[in-house]
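Peer 1: Quick one: structure below, then a few questions.
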Amino acid sequence: MMSKPSIYDAPKSELIVTESSNKLVDLIAQSRLFLTDKFSTTTDCIASGRDKVINLEKSTKSQFNQIIDKNEQFSPNIFYIAVAGLGGSILARNSNFLFRLSLPPTIALATSYQLLPQSTNNVFSKIGSLEQSNFPELHQQRLELRNSINSSLQDTKNNFKDLTDGFNSTVNKGAHQIQELTGFRLGN
4 MMSKPSIYDA
14 PKSELIVTES
24 SNKLVDLIAQ
34 SRLFLTDKFS
44 TTTDCIASGR
54 DKVINLEKST
64 KSQFNQIIDK
74 NEQFSPNIFY
84 IAVAGLGGSI
94 LARNSNFLFR
104 LSLPPTIALA
114 TSYQLLPQST
124 NNVFSKIGSL
134 EQSNFPELHQ
144 QRLELRNSIN
154 SSLQDTKNNF
164 KDLTDGFNST
174 VNKGAHQIQE
184 LTGFRLGN
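Just so you know, the sequence shown maps onto residues 4 to 191 in the numbering used here.
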């Protein structure tokens, strides 16, 4: 027997919605998180490097301003010093290796003492303070060497002065004897 179809709709079955994850969506989310993290890390690293460069620039500028004397013209004189160093290399071009190596900086240094005396003294005092703080043994040895050179120079000057005084005394005695013997007046 056949039953008659119902004139009423069949009772609605309950729809149960379950979330199923899509692997592509999960992969995109993980990739976004990874890239965002790496981008922020890279941005922080770049900002840190930029800050270090800016701090280095400020430090260099302040050190430069401390070293360069305000009463000296830096701009043209530094070029003159460089030209003097190049001239030293031209003068030493046919000489031995040691002379070729030492003459250009020696001439440039002498020129810097002439054109920028206070700034050159400031540079060497800064180098001395860095040497004293970082290499105290080397600083002490350099001071001892400088003192011995200065004492040797002073001894040489004293000996030369003694020789000059002795020579002048001998010349004056000889002139006095010539004046007595001849009657001619020598000098004033």
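In this text, a Cβ means the ideal position worked out from N, Cα and C, and glycines have one as well.
Say the cut is 6 Å; is the CB of I49 nearer than that to a heavy atom of the ligand GTP?
Peer 2: Ligands in the displayed structure: none, and consequently the ligand GTP is not present.
Peer 1: Cα-Cα, which of T185, L119, P14 is closest to I84?
Peer 2: Measuring from the Cα of I84, the nearest candidate turns out to be L119.
Peer 1: Measure the C-alpha to C-alpha separation of L148 and V126 and round it to an integer number of angstroms.
Peer 2: Straight-line Cα distance between these residues: approximately 20 Å.
Peer 1: Taking the straight line between their C-alpha atoms, what separation do you get for S98 and I110?
Peer 2: Computed Cα separation, rounded: 15 Å.
Peer 1: Verify whether the separation of the beta carbon atoms of D196 and S122 is less than 7 Å.
Peer 2: Past the edges of the chain, shown from 4 to 191, lies residue 196, and the structure says nothing about it.
Peer 1: Hey, would you say L112 sits closer than 7 Å to A95, going by beta carbons?
Peer 2: No, the Cβ-Cβ distance between L112 and A95 is not below 7 Å.
Peer 1: Could you tell me the alpha carbon to alpha carbon distance between S34 and T21, rounded to whole angstroms?
Peer 2: Roughly 25 Å between the two C-alpha positions.
Peer 1: Taking all protein chains shown into account, do 16 or more other C-beta atoms lie within 10 angstroms of the C-beta of A87, making it buried, or fewer, making it exposed?
Peer 2: That one is buried.
Peer 1: On the three-state DSSP scale, how would you describe I31?
Peer 2: It is helical.
Peer 1: Closest to I81 by C-alpha separation, out of L156, T46, K61, Q117, would be which residue?
Peer 2: I81 has its Cα closest to that of Q117, out of L156, T46, K61, Q117.
Peer 1: Start and end of the alpha helix (DSSP H) containing D158?
Peer 2: Note, D158: alpha helix (DSSP H), 139-185.
Peer 1: Between L30 and P14, what straight-line distance do the alpha-carbon atoms span, to the nearest angstrom?
Peer 2: So the two alpha carbons sit approximately 41 Å from each other.
Peer 1: Looking only at C-alpha atoms, which of N171, S115, K164, H179 sits nearest to E75?
Peer 2: Minimum Cα distance to E75 is reached at S115.
Peer 1: Do Q182 and R188 have their beta-carbon atoms positioned less than 7 Å apart in this structure?
Peer 2: Cβ atoms of R188 and Q182: closer than 7 Å.
Peer 1: When DSSP labels each residue in this structure, what does T46 get in the three-state scheme?
Peer 2: It is helical.
Peer 1: I'd like the list of long-range same chain contacts for S23, defined as Cβ closer than 6 Å, with 5 residues on each side in sequence excluded.
Peer 2: Excluding sequence neighbours, S23 sits near nothing in its chain.
Peer 1: Per DSSP, what kind of secondary structure is Q117 in: helix, strand or coil?
Peer 2: Note: Q117 maps to helix in three-state DSSP.
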